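Novice: My questions will all concern the structure given below.
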Amino acid sequence: MTSPWDPTGELPRRTAVRYVTPLREGGSMPGVVEADDLGTYVMKFRSAGQGVKVLVAEVVVGELARALDLPVPEMVALELPEALSRYEPDEEVQDLLRASIGLNLGTDFLPGAHGYDGSVPPAPEVAARLLWLDAFTANVDRTWSNPNLVVWHGVPWLIDHGAALYFHHAWPGTAAEHAPDPARSARQPFDASQHVTAAVVPAEPGTMARVHAELAPRIGQAVREAVAAVPGEWLETTGGLPTADAVRDAYVDFLTARLAGAEHWLPGDDALAAARAGAEAGRAEAQRTLKMQARRAVVRQGEEPR
1 MTSPWDPTGE LPRRTAVRYV TPLREGGSMP GVVEADDLGT YVMKFRSAGQ GVKVLVAEVV
61 VGELARALDL PVPEMVALEL PEALSRYEPD EEVQDLLRAS IGLNLGTDFL PGAHGYDGSV
121 PPAPEVAARL LWLDAFTANV DRTWSNPNLV VWHGVPWLID HGAALYFHHA WPGTAAEHAP
181 DPARSARQPF DASQHVTAAV VPAEPGTMAR VHAELAPRIG QAVREAVAAV PGEWLETTGG
241 LPTADAVRDA YVDFLTARLA GAEHWLPGDD ALAAARAGAE AGRAEAQRTL KMQARRAVVR
301 QGEEPR
């Protein structure tokens, strides 16, 4: 029997006191907010996209990244008061705020950070750890078309993990009386050919097998601690998972099964070779995307694009 979950392991809680501006480049339109601890955060809203499961993935994968010494912004659970939605003139933003009153996710705002285009790559061993983490957590959203990395003070930082752990979107629905099958996630393969840092991974044969041997023992306890960090309000219960603790246990079971089934998802030498072959075209795509985003930002500010 699994030991009880301690609620003190959840993210620290803060309250938003001022909505500053939307970040419109992301599909879910997060916003920059100021909080009662004098911090500035990027708020990711519970009503955006696919709902609170996205926030769960953000927390679990972000905390696993931290356990592997990968740079990821600090996270807090951010309470959005109803009053903040009243004073936003943009109707689209106001609708999003009204639908997200309550507990949302805040990630530390990194002032001056810019998008990743491959010109400031991570160190090879860091790139290998990042690829391993994304393969382990089934994160399909770290490609050249959407790197989900930003460069801050000359170092690539990991952001936006809401697309990871996608197996939880296939869990039995609210009315289901049976729990999900952990073995399913262990069998899901991972395509590394378009991964944004795969080409930086050391080219020696067997690199990812070595990395797995190094990281797998470290991640065991980290899985439980990462799941414990998720606020209970975001854990959606079902007939087969009737309590928040049962949902936490399911995440641990799924990730434990996946860790034990690395032969199904660990990228091999051929996948890394394919990633290296396509890296130059990928970097060019990322640079074009960043230029387009910069032009759109200039137009929104009422200036003429150059």
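For what it's worth, my numbering labels the leading residue of the sequence shown as 1, then goes sequentially.
Cβ atoms here follow ideal geometry from the backbone N, Cα and C, with glycine treated the same way.
Nothing here was measured: the structure is a model prediction, and the numbers come from that model.
1. Could you say which of D269, Q50, A199, G232 lies nearest to W5 if we only look at CA atoms?
2. Would you decide whether H195 is buried or exposed? Buried here means 16 or more other CB atoms lie within 10 Å of its CB.
3. With distance defined between alpha-carbon atoms, name the residue in G62, V150, R258, A164 nearest to L290.
4. Enumerate in chain order the residues of its own chain whose CB-to-CB distance from P182 is below 6 Å, with the five nearest sequence positions on each side excluded.
5. Between Y116 and A286, is the Cβ-Cβ spacing less than 8 Å?
6. Quick one: complete beta strand (DSSP E) runs, 3+ long, within the segment 156–233?
7. Round the Cβ separation of G240 and P147 to the nearest angstrom and send it over; I've been treating them as touching at under 8 Å.
8. Between which two residues does the beta strand (DSSP E) harbouring L149 extend?
9. In whole angstroms, what is the alpha-carbon distance linking G334 and A65?
10. How close, in whole Å, do the beta carbons of L133 and A57 come, if the pair is a contact with beta carbons under 8 Å?
11. Leaving out the 5 sequence neighbours to the left and right, which residues in its chain are closer than 7 Å to H114 when beta-carbon positions are compared?
12. Cα separation between V155 and L68?
13. With distance defined between alpha-carbon atoms, name the residue in A216, R187, E74 nearest to R14.
14. Taking 8 Å as the cut-off, does the segment 201–212 touch the segment 31–50 (at least 3 CB pairs, one atom from each stretch)?
15. Is the separation between the beta-carbon of F136 and that of L259 shorter than 8 Å?
Specialist: Looking at the coordinates:
1. G232
2. buried
3. V150
4. D253, F254, A257
5. Going by C-beta atoms, Y116 is nearer than 8 Å to A286.
6. Here no run is fully enclosed.
7. At roughly 36 Å, the Cβ-Cβ gap does not stay under 8 Å, so G240 and P147 are not in contact.
8. 149–152
9. Residue 334 lies beyond the residue range present for the chain, which begins at 1 and ends at 306; the question has no answer from this structure.
10. About 13 Å separates the two Cβ atoms, so there is no contact after all.
11. V150, V151
12. Cα to Cα, V155 sits roughly 16 Å from L68.
13. Taking only the C-alpha atoms, the option nearest R14 is E74.
14. no
15. yes
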